[in-house]
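Enquirer:
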Amino acid sequence: MAFLDVEDLAVSFRSESGEVRAVKGVSFSIERGETMALVGESGSGKSVSALSILQLLPYPMASHPKGSIRVDGQEMIGASEAVMHSVRGARVSMIFQEPMTSLNPLHTVEQQIGEMLTLHRRMGKGAARARIVELLTLVGLGDVEKRLDAFPHQLSGGQRQRVMIAMALANEPDLLIADEPTTALDVTVQAQILELLKSLQKTLGMAMLLITHDLGIVRKMAGRVAVMTDGEIVESGETARVFDHPEHPYTQMLLAAEPTGTPPHSDPTSPTVMDVRNIKVWFPIKRGLLKRTVDHVRAVDDISLTVREGETVGVVGESGSGKTTLGLGLLRLTRSEGEIRFGETALQGLNWNQLRPLRAEMQIVFQDPYSSLSPRLSVGQIVEEGLLVHKLGGNAAERRALIAAALDEVGIPGSAQDRYPHEFSGGQRQRIAIARALVLKPRFLVLDEPTSALDMSVQAQIVDLLRDLQRRHRLAYLFISHDLRVVRALANHVIVMKDGRVVEQGPAAQIFDAPESGYTRALMRAAFELEATSGGVVRT
Amino acid sequence: MTTIAPVRHRLLGIPVSPLNHRRWLNLKSNRRGYVAMWLFFGLFFFSLFAEFIANERPLLVNYDGGYYFPVFVAYPETTFGGDFETETVYRDPFVRDLINEKGWILWPPIPFDYSTINYDLPVPAPAPPSLVNWLGTDDQGRDVLARVIYGWRISVSFGLILTILSSLIGVAAGAVQGYFGGWVDLGFQRFLEIWSGMPALYILIILAAVIEPTFTILLVLLLLFSWTSLVGVVRAEFLRARNFDYVRAARALGVRDTVIMFKHLLPNAMVSALTFLPFILTGSIISLTSLDFLGLGLPPGSASLGELLAQGKANLQAPWLGITSFLVLSIMLTLAIFMQEAVRDAFDPRKTFR
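Chains as they are written, first to last, in the UniProt record's numbering: chain A, 1 to 540; chain B, 1 to 354.
(1) In terms of alpha-carbon separation, which member of A/P375, A/A396, A/R376 lies closest to A/E384?
(2) Spell out whether any CB of chain A is found under 8 Å from the CB atom of B/G178.
(3) Using only the alpha-carbon positions, how far apart do B/P93 and B/Y75 sit?
(4) I need the boundaries of the alpha helix (DSSP H) containing B/I286, first residue and last residue.
(5) For A/T260, count neighbouring C-beta atoms within 10 Å of its own C-beta (all shown protein chains included) and say buried if the count is 16 or more, exposed if not.
(6) Could you list the residues in the region 364-384 of chain A with a C-beta less than 7 Å from some C-beta on chain B, going in chain order?
(7) Any residues in the region 21-55 of chain A with a beta carbon nearer than 7 Å to a beta carbon of chain B? Which ones, in chain order?
(8) Just to make sure I have the definition right: I need the residues of chain C whose C-beta is within less than 7 Å of the C-beta of B/L253. Which are they?
(9) Can you give me the C-alpha to C-alpha distance between A/D214 and A/T35, rounded to a whole angstrom?
(10) Examine chain A for any beta-carbon lying closer than 8 Å to the beta-carbon of B/F262, and answer yes or no.
(11) To the nearest angstrom, report how far apart B/R256 and A/R359 are at their CA atoms.
(12) Do A/E110 and A/L148 have their C-beta atoms closer together than 8 Å?
(13) Run through the region 100-161 of chain B for me and flag every whole beta strand (DSSP E) of 3 or more residues, listed as ranges in chain order.
(14) Can you tell me which of the three DSSP states A/Q363 falls into?
(15) Tell whether a beta-carbon distance below 8 Å holds between A/F7 and A/S68.
(16) List, from N- to C-terminal side, the alpha helix (DSSP H) runs of 4 residues or more that fit wholly inside the region 394-482 of chain A.
(17) By a C-beta neighbour count over all protein chains shown, 10 Å radius and 16 as the cutoff for buried, is B/P126 buried or exposed?
(18) Check whether the Cβ atoms of B/D138 and B/L321 lie closer than 8 Å to each other.
(19) What does A/R436 reach in chain B if we use C-beta pairs closer than 9 Å?
(20) At least one CB of chain A closer than 8 Å to the CB of B/N268: is that the case?
(21) Taking Cβ-Cβ distances shorter than 9 Å, what residues in chain A pair up with B/D345?
(22) Verify the CB distance criterion: does B/P278 have a CB-CB separation below 8 Å to chain A?
(23) Residues in its own chain within less than 6 Å of B/F44 by CB, not counting five upstream and five downstream?
(24) Could you work out which residues of chain A lie near B/D245, taking near to mean beta carbons separated by less than 7 Å?
(25) Are the CB atoms of B/V328 and B/V148 nearer to each other than 8 Å?
(26) Does the beta carbon of A/L326 fall short of 7 Å from some heavy atom of the ligand HEM?
(27) For B/N55, count the other beta carbons within 10 Å of its own beta carbon; 16 or more makes it buried, fewer makes it exposed. Which is it?
(28) Beta-carbon within less than 6 Å of A/Q505's beta-carbon, same chain only, minus the 5 sequence neighbours each way: which residues are those?
(29) For the region 80-95 of chain A against the region 162-170 of chain A, are there 3 or more C-beta pairs whose distance is under 8 Å?
(30) When you compare each of A/R431, A/L438, A/E180 to A/V463 by their alpha carbons, which one comes out closest?
(31) So the candidates are A/R91, A/L106, A/Q192; which of them puts its Cα closest to the Cα of A/G140?
(32) Return helix, strand or coil for A/I77, following the three-state DSSP convention.
(33) Buried or exposed, going by whether 16 or more other CB atoms sit within 10 Å of the CB of A/N492?
(34) Give the range of the beta strand (DSSP E) segment to which A/P507 is assigned.
(35) So with Cβ pairs under 8 Å, would you call A/L355 a contact of chain B?
(36) How long is the line joining the alpha carbons of B/V231 and B/S29, rounded to whole angstroms?
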């Protein structure tokens with residue numbers, strides 16, 4: 001008998017507008033010591049399925065119309081609180097996606113892990129401390145003794161995720177449920193965490209249910225895979241078999257969805273749109289009674305770049321490397337030093353009013369389409385705003401036509417103007433955000449991680465759209481991303497950034513095929529092969 | 001390029017944007033709130049014409065072939081063949097006989113206004129409900145129904161004016177604090193703490209003892225303390241939203257600070273501000289009523305629900321006073337709450353109605 005047996009499980013949510021069937025009868029089982037991946041896009045019901053194993057859904061809003069979940073032969077649906085208590089955190093543990101919010105910010109590392117031990121094993125303080133040190137060493141957190149008293153905010157994302165894993169392992173569970181364990185982490189850290197999970201599973205012999213949207217992770221980690229969409233498992237089997245011979249059209253679509261293609265050819269003689277020399281964005285650190293500047297945070301330090309018409313410059317780096325600040329600095333949305341020439345105009349020294357006419361020609365698209373559209377304005381009003389500021393389109397009817405044309409260009413029907421952003425999916429919202437920038441007919445676009453918050457298949461569509469728009473309008477892009485696959489599909493030139501400085505800069509082909517610096521190589525390995533590079537270059 | 005003709009919606013004949021039309025539909029689909037809104041404003045509208053409903057002067061007098069409008073014009077008694085140069089007292093049986101000899105009188109449905117004393121009571125005042133005084137009289141022989149109608153008008157208009165003024169001031173103050181932050185915010189916050197620490201009721205009582213309170217003076221006095229209630233909410237919303245991506249996107253488009261505040265930040269703050277409005281409206285009505293109840297409010301003799309309430313307490317043997325004032329106040333406040341609840345939901349874009 002399998003350790004975990006899920007049979008014909010269904011989950012429904014009651015809402016004001018009737019019942020939402022999130023999961024419609026899924027079955028899978030996991031043997032001891034085995035890793036299974038549940039893969040699907042957002043809204044496919046994979047997380048809901050996993051949460052129902054531990055009965056962590058918001059009951060009674062959620063309900064199970066049918067199905068059964070057996071952990072080691074014991075039925076979970078309808079089990080008493082006492083039974084659930086003995087299972088949760090002891091026999092089955094879970095690690096969550098967001099290490100920033102899943103640790104209690106007011107408890108130290110020792111308290112967080114200690115709680116698991118005292119609750120389930122009634123361990124004394126001394127014994128618990130010894131076990132905590134052992135666990136933290138096991139998950140590879142350096143300087144363990146010192147970090148026992150650290151609060152979550154004193155740790156990096158990767159370190160927090162390690163603490164989460166230590167918590168989950170505290171009681172030697174038989175099954176570990178990992179819900180998107182690395183999605184919020186940088187690529188190099190992601191590779192390390194995956195490696196850690198894999199080795200822990202081998203040494204502890206536990207079963208693992210891995211929930212992810214990233215096919216690369218599935219291929220690397222899981223023996224078996226189940227593909228979920230719209231609340232159903234459409235295909236499952238050995239990972240190698242599913243990847244090599246996908247049978248269901250959805251699986252085939254998912255596998256084909258990786259951003260592909262090459263950027264349009266760049267022409268070194270085309271006119272320069274944005275030319276930046278030695279740009280610096282330094283934030284002062286002020287100390288003491290008189291708030292004297294004692295030092296600077298060098299968010300962007302001495303970077304030069306040139307973007308030509310119809311050409312994309314990709315900026316690559318991990319979080320905190322200063323790539324977004326660079327984009328904001330170029331558009332003069334944050335104070336900077338150094339020379340910025342937009343076409344023939346020097347931007348530095350212009351005040352807000354003098355910059356306004358130029359703003360129509362240089363635009364920005366933000367990462368999170370959920371926060372970059374005002375929820376209280378209709379799509380039409382959102383796109384119209386720039387037209388009003390720059391007095392384009394004479395009257396309301398003309399503006400409406402311009403908006404419809406811009407929306408049409410990004411693949412949103414013009415009739416959607418009167419609807420609110422929340423009625424659209426993430427990918428559609430990002431298209432609307434692009435339309436807002438596009439309606440002004442800009443020459444230069446800063447794209448700040450425009451695909452990071454989207455599902456894989458949607459990412460590919462947005463990449464295609466961006467490339468298509470570039471070809472049609474000879475747009476110049478500054479494409480900021482941590483995702484090397486997307487950058488490879490779009491950029492002619494690449495800048496690799498770390499701690500505000502350029503590590504490597506050059507034509508895309510050269511950077512991807514023959515990276516010179518060790519950091520770039522580590523980044524590539526982590527991104528394309530999910531391998532952590534040991535040695536000094538990449539640290540947690 | 002095709003031109004898409006905007007869909008034209010009309011509300012009471014006025015063209016409105018599709019969004020406002022949807023809000024209106026949302027409002028309508030909340031039956032309870034919609035009905036409450038019509039009742040509240042219907043009754044208020046009705047009470048605006050109190051002079052035509054409850055008045056001691058007739059609506060129309062036909063005398064000697066001529067038509068007279070005592071509601072609008074003050075006629076001396078001599079017009080109708082009386083003895084005095086002063087204004088006609090139409091309730092006087094002598095005057096009535098004079099007019100009825102050569103014409104007729106059209107009375108409003110309730111032939112009393114809020115200060116008319118009915119001298120023909122069969123029992124000592126307060127008199128119980130009868131065919132003449134439908135809800136009885138108070139302890140000075142004044143018709144309760146007439147006083148309720150006039151009292152409704154004063155209370156609701158006072159509440160509405162105070163709510164509008166204090167929201168305008170409160171939202172503006174909160175917006176400035178939240179958007180600019182820093183020292184502006186810090187200074188303003190400390191001032192607010194001191195200001196709201198003042199014992200408002202005692203100050204009102206002391207001031208009421210010094211100045212003769214009128215409608216306007218009471219409005220200003222209460223406004224001094226009621227505008228602070230919205231500041232916190234609006235400030236918090238502005239502080240939260242000013243770093244949102246869509247505000248940054250608007251800055252990237254070159255939009256001015258003032259426009260950002262009005263277009264992007266204010267609508268955000270509006271829903272939370274709207275959730276507070278019913279409390280401000282009912283609070284305003286209640287503070288006027290309670291000042292009246294304590295005898296510190298509107299000048300003596302004005303139609304006031306608080307005074308009626310006080311009379312009900314003083315005359316427990318006349319339950320119609322207490323019951324009437326209780327029912328009127330609770331209906332008024334309940335309607336206000338239901339109505340505002342519906343308005344708030346209608347502005348919430350995430351709320352979907354079936």
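Every residue gets a Cβ at the ideal spot worked out from N, C-alpha and C, and that includes glycine. Quantities reported herein were computed from a predicted structural model and do not represent experimental measurements.
Expert: Taking the geometry as given:
(1) One-based indexing of the first sequence puts residue 384 of chain A at position 384. Of the candidates A/P375, A/A396, A/R376, A/A396 places its Cα closest to the Cα of A/E384.
(2) Residue 178 of chain B sits at position 178 when you count from the first residue of the second sequence. For B/G178, no CB of chain A lies under 8 Å from its own CB, so it is not counted at the interface with that chain.
(3) In the second sequence, counting from the first residue as 1, residue 93 of chain B sits at position 93. In the second sequence, counting from the first residue as 1, residue 75 of chain B sits at position 75. Answer to the nearest angstrom: the Cα atoms are 17 Å apart.
(4) Numbered from 1 along the second sequence, position 286 holds the residue referred to as residue 286 of chain B. Its alpha helix (DSSP H) spans residues 266-293.
(5) On the first sequence, position 260 is the one that residue 260 of chain A refers to. Counting every other CB atom within 10 Å of its CB across the protein chains shown gives A/T260 a total below 16, marking it as exposed.
(6) For the region 364-384 of chain A, the set of residues with a beta-carbon nearer than 7 Å to any beta-carbon of chain B comprises I364, F366, D368, S371, S372, L373, S374, P375, R376, S378, in chain order.
(7) The residues in question: there are none.
(8) Of the protein chains in the structure, A and B, none is chain C.
(9) Counted from its first residue, the first sequence places residue 214 of chain A at position 214. Counted from its first residue, the first sequence places residue 35 of chain A at position 35. Spanning the alpha carbons of A/D214 and A/T35 requires a straight line of approximately 15 Å.
(10) Residue mapping note: residue 262 of chain B aligns to position 262 of the second sequence, counting from 1. No, its Cβ sits nowhere closer than 8 Å to a Cβ of chain A.
(11) Taking the first residue of the second sequence as 1, we reach residue 256 of chain B at position 256. Taking the first residue of the first sequence as 1, we reach residue 359 of chain A at position 359. Between the alpha carbons of B/R256 and A/R359 lies a gap of roughly 12 Å.
(12) Taking the first residue of the first sequence as 1, we reach residue 110 of chain A at position 110. Taking the first residue of the first sequence as 1, we reach residue 148 of chain A at position 148. Cβ atoms of A/E110 and A/L148: closer than 8 Å.
(13) Residue ranges of uninterrupted beta strand (DSSP E) with 3 or more members, entirely inside the region 100-161 of chain B and ordered along the chain, are 103-106.
(14) Position 363 of the first sequence, counted from the first residue, corresponds to residue 363 of chain A. When secondary structure is reduced to three states using DSSP, A/Q363 falls in the strand class.
(15) Position 7 of the first sequence holds residue 7 of chain A. Position 68 of the first sequence holds residue 68 of chain A. First, the amino acid is wrong: residue 7 of chain A is Glu here, not Phe. Contact annotation: A/E7 and A/S68 have beta-carbon atoms nearer than 8 Å.
(16) Restricting attention to alpha helix (DSSP H) runs no shorter than 4 residues, the region 394-482 of chain A encloses them at 396-409, 426-438, 456-473, ordered along the chain.
(17) Here the question's residue 126 of chain B lines up with position 126 in the second sequence. With at least 16 other beta carbons inside 10 angstroms of its own, B/P126 counts as buried.
(18) Along the second sequence, read from residue 1 onward, the residue named residue 138 of chain B stands at position 138. Along the second sequence, read from residue 1 onward, the residue named residue 321 of chain B stands at position 321. Contact flag set, yes.
(19) As a working note, residue 436 of chain A is residue 436 in the first sequence. What A/R436 touches in chain B: A249, L253.
(20) One-based indexing of the second sequence puts residue 268 of chain B at position 268. Yes, because at least one Cβ of chain A sits closer than 8 Å to the Cβ of B/N268.
(21) The residue given as residue 345 of chain B occupies position 345 in the second sequence. Residues of chain A passing the Cβ test: none, with the nearest at roughly 11 Å.
(22) Here residue 278 of chain B refers to the residue found at position 278 when the second sequence is read from its first residue. Taking CB atoms only, B/P278 has no neighbour in chain A less than 8 Å away.
(23) What you label residue 44 of chain B is simply residue 44 of the second sequence in a count that begins at 1. Sequence-distant Cβ neighbours of B/F44 in its own chain, meaning closer than 6 Å and more than five residues away, are V156.
(24) Along the second sequence, read from residue 1 onward, the residue named residue 245 of chain B stands at position 245. Neighbours of B/D245 in chain A, taken as residues at a C-beta separation under 7 Å, are given in chain order as F366, D368, S371, S372.
(25) Within the second sequence, numbered from 1, the residue matching residue 328 of chain B stands at position 328. Within the second sequence, numbered from 1, the residue matching residue 148 of chain B stands at position 148. Closer than 8 Å, so yes.
(26) The ligand content of the structure shown is nil, which means the ligand HEM is not present either.
(27) For the purposes of this step, residue 55 of chain B is taken as residue 55 along the second sequence, with counting starting at 1. Counting the other CB atoms within 10 Å of its CB gives B/N55 a total of 16 or more, which places it among the buried residues.
(28) Against the first sequence, residue 505 of chain A aligns to sequence position 505. Result list for A/Q505: I495, in chain order.
(29) Using a C-beta cut-off of 8 Å, the region 80-95 of chain A makes contact with the region 162-170 of chain A, since at least three inter-stretch Cβ pairs fall below that distance.
(30) Position 463 of the first sequence, counting from 1, holds the residue named residue 463 of chain A. In terms of CA proximity to A/V463, A/R431 leads the group A/R431, A/L438, A/E180.
(31) Here the question's residue 140 of chain A lines up with position 140 in the first sequence. Across the set A/R91, A/L106, A/Q192, the C-alpha of A/Q192 shows the shortest separation from the C-alpha of A/G140.
(32) Numbered from 1 along the first sequence, position 77 holds the residue referred to as residue 77 of chain A. A/I77: coil per DSSP, three-state reduction.
(33) Taking the first residue of the first sequence as position 1, residue 492 of chain A is located at position 492. By the neighbour-count criterion, in which 16 or more other beta carbons inside 10 Å mark a residue as buried, A/N492 falls on the buried side.
(34) For this step, residue 507 of chain A is matched to residue 507 along the first sequence. Run containing A/P507: 501-507, per the beta strand (DSSP E) assignment.
(35) Taking the first sequence and counting its residues from 1, one reaches residue 355 of chain A at position 355. Output row for A/L355: interface = yes.
(36) Against the second sequence, residue 231 of chain B aligns to sequence position 231. Against the second sequence, residue 29 of chain B aligns to sequence position 29. The straight-line gap separating the alpha-carbon atoms of B/V231 and B/S29 is approximately 31 Å.
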